[in-house]
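In this note's numbering, the protein residues as written are 1384 to 1580. Accompanying notes for the structure given below.
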C-alpha cells in the first residue's frame, strides 16, 4: 500500500513540475562565444513556445513570443523563419513586449494576400508578391538605424524608409489560429554610432 501511495505521489509531482514552463528562454547559449546570448519572452501561453535547438524556437498556433539582445536598439538582426502551417503571421518591432496598446510598433503582417506594413496603426506599405509558403525557409534581415528601418525577406525589400518607431529592442512573433512557425539562427549585430564631430 505504501508503495502504491509513493508511486502515485511521484507521478503527480512529476506531472505538476513538468507542466510548468518558464516565461523566459535563452537562444545561442552554447554557440560561438562571439555571438551574443539572446533572451526570449514567452507571451500569452508559455507552453506554446518551445526551444527545439540552441538557436531555434517553435511558436505554436495562436501564440506570441518576444526576442531581444539586452539594451541593443540600433541593430542589424537576421533570422530564418519556416512556416510549418497556417495563413497568418505577424512580426512586430517595438520597445516593450508588455505594452498594453498593441497598435504601438512597426508591424509586418503576412497572410494569403501577401505582406502589409503598419507604423503604429498607420498603413505604410504592402507587397502582394511576398507570401510565406509552408515548409520553406525565409531569411529575414531587419536593420534599424535611428528612425530608418529596412526589412529584407530573402532578396525582396518589404520596407526601406523612415518610421515613427525608432529604438526598438524587441522582435515580437505572433501566430494566427492555424499558424505554426519555427525561428532559426536569430542573430543581432549592434550598429556602431558614427560621430561626425
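C-beta atoms are modelled at their ideal positions from N, C-alpha and C, and glycine is treated no differently. It should be emphasised that the depicted structure is a prediction, and the values quoted were computed from it without experimental measurement.
Please state whether the Cβ-Cβ distance between residue 1558 and residue 1412 is less than 8 Å. Taking 8 Å as the Cβ cut-off, residue 1558 and residue 1412 do not qualify as a contacting pair.
Would you give the residue range spanned by the beta strand (DSSP E) that residue 1527 belongs to? Its beta strand (DSSP E) spans residues 1520 to 1528.
Out of curiosity, what's the CA-to-CA distance linking residue 1482 and residue 1434? 24 Å
Whose C-beta lies closer than 6 Å to the C-beta of residue 1494 among residues of the same chain, with five residues either side of it excluded? 1470, 1471
The beta strand (DSSP E) with residue 1497 in it runs from where to where? 1497 to 1502
Separation of residue 1423 from residue 1555, as counted between CA atoms: Roughly 9 Å between the two C-alpha positions.
Is DSSP giving residue 1430 helix, strand or coil here? helix
Please state the DSSP three-state secondary structure of residue 1567. In the structure shown, residue 1567 sits in a strand (DSSP, three-state: E or B).
At what residue ranges does the stretch 1426 to 1491 contain a whole run of the beta strand (DSSP E), taking only runs of 3 or more? 1432 to 1436, 1439 to 1442, 1447 to 1451, 1458 to 1468, 1472 to 1477
For the beta strand (DSSP E) containing residue 1510, name the first residue and the last one. 1505 to 1510
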